[in-house]
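Below: the structure, in C-alpha cells.
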Amino acid sequence: DTIMLGHLDERSGTAALLSIPRDTPLLTEDGRLQKLNAVYAGGGHAGMRRLKKDLHSLLGFPVDGYVLVHLEAFKKTVDLVGGVDFDVPQDMDYTDPAQGLEIHLRAGRQLLGGEQAMQLVRYRKGYAMQDIRRTEVQQQLLRQLARQCLSAENLPKLLPVVRVFYEETLSDLTTGNLIYLAAKLCRCDLGSLTCCTLQGEGVTVSGVSYYPLYAGKLLETVNWSFN
C-alpha cells in the first residue's frame with residue numbers, strides 16, 4: 001500500500017522522493033470512484049502498468065520505470081547492509097492475526113534488522129495522522145537506508161543488494177538499469193534527499209475513506225521536487 005516516486009537528476013547530482021497517499025481518489029474509465037491503491041488489483045506486471053498509466057494522468061508526466069518491492073526483499077536488503085540505524089519516534093505495539101502481523105518496537109535510536117524495519121514501515125494505527133505520518137517515517141527510514149547502502153563500507157555489498165532487487169522484486173528495469181542507477185546515486189548527496197508527500201485531506205464518501213489532493217498544491221509540489 002506504499003506508493004513512492006523517485007527522481008534522479010544526473011546533471012545536478014540531486015535526488016527526490018515523492019509519496020502519493022494510497023487513498024488518493026481516481027475516476028475509472030466508466031466514471032466510478034476508485035482509490036489509487038486499488039489500481040494494482042490483480043497484481044503482476046499488468047497491475048504495475050496500470051499504476052504507471054494512472055500516475056502519468058495524475059502527475060502530468062510519464063513514469064520511466066517501476067519496481068514492486070515485496071516485504072521479504074525489503075527485509076533482506078536491510079539485513080544485507082547490517083541493519084539500519086534509526087530513531088523510532090514512539091513505542092509501537094500492534095497485532096493483526098489475519099495478516100500474521102506482529103509489531104513491537106520501543107521508542108529511541110537503535111539498530112533495526114530487516115524484520116524490525118518492516119514493522120516500522122507498516123505501523124500506522126497509533127499515529128494521529130495514520131497514513132500520512134506513516135509515510136513520513138517511511139521516507140526518513142529510506143533516506144537513512146540509502147545512506148548506509150551507499151556508504152564506503154557497504155559498497156562491496158551493493159551488487160548483492162542489486163541482485164535481491166532483480167531476483168525478488170517485480171520490475172520493468174533491467175539489472176543494467178539498476179546498477180547504473182546505483183552508481184549515479186553514489187555521487188548524490190543523499191543527506192539532502194528531497195522527501196515530500198502530495199497534500200490533501202481525508203473525506204468519507206458513501207462510507208469509504210478517501211484522501212482528495214489539493215490540485216494547486218499538487219502542481220506546486222511536483223514542480224518544487226521534480227522540476
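For the sequence shown, the residue numbers in my numbering are 1 to 227. Even glycine gets a Cβ: it sits at the ideal position worked out from N, Cα and C.
In the three-state reduction of the DSSP assignment, Gly216 falls in the helix class. Sixteen is the threshold: since fewer than 16 other Cβ atoms of the shown chains lie within 10 Å of the Cβ of Ala46, the residue is exposed. Counting only unbroken stretches of 4 or more residues, the alpha helix (DSSP H) elements lying wholly within the segment 4-78 are 44-59, in sequence order.
Straight-line spacing of the CA atoms in Ala98 and Leu170 works out to 25 angstroms. Sequence-distant Cβ neighbours of Tyr210 in its own chain, meaning closer than 7 angstroms and more than five residues away, are Asp23, Pro25, Lys35 and Val203. Contact between Gln199 and Tyr214 holds: their C-beta atoms lie close to 5 angstroms from each other, under 8 angstroms. The residues Leu17, Ser19 and Cys195, in chain order, have a CB closer than 7 angstroms to that of Gln139 in the same chain once the five nearest residues on each side in sequence are set aside.
A Cβ-Cβ distance of about 16 angstroms is found for the pair Ala15 and Leu173, leaving them out of contact under the 8 angstroms criterion. For the set Val137, Glu72, Cys149 and Gln110, the Cα lying nearest the Cα of Tyr123 is the one of Val137. In this structure, the beta-carbon distance from Gly108 to Val78 does not fall below 8 angstroms.
Considered as a whole, the segment 67-146 harbours 71-80 and 114-122 as its complete alpha helix (DSSP H) runs of no fewer than 4 residues, in chain order. In the DSSP assignment, Cys186 falls within the alpha helix (DSSP H) that extends over Thr175 to Cys186.
For Tyr211, there is no enclosing alpha helix (DSSP H), as DSSP marks it with neither H nor E.
Three or more beta-carbon pairs separated by less than 8 angstroms link the segment 141-161 to the segment 79-92, which places the two stretches in contact. When the beta-carbon positions are compared, Gly13 and Arg187 come within less than 8 angstroms of each other. About 7 angstroms separates the Cβ atoms of Val205 and Leu33, confirming a contact at the 8 angstroms cut-off.
Boundaries of the beta strand (DSSP E) around Leu170: Thr169 to Ser171. Going by C-alpha positions, Ile103 is about 16 angstroms away from Phe74.
Straight-line spacing of the CA atoms in Pro212 and Lys53 works out to 19 angstroms. With fewer than 16 other Cβ atoms inside 10 Å of its own Cβ, Arg106 counts as exposed.
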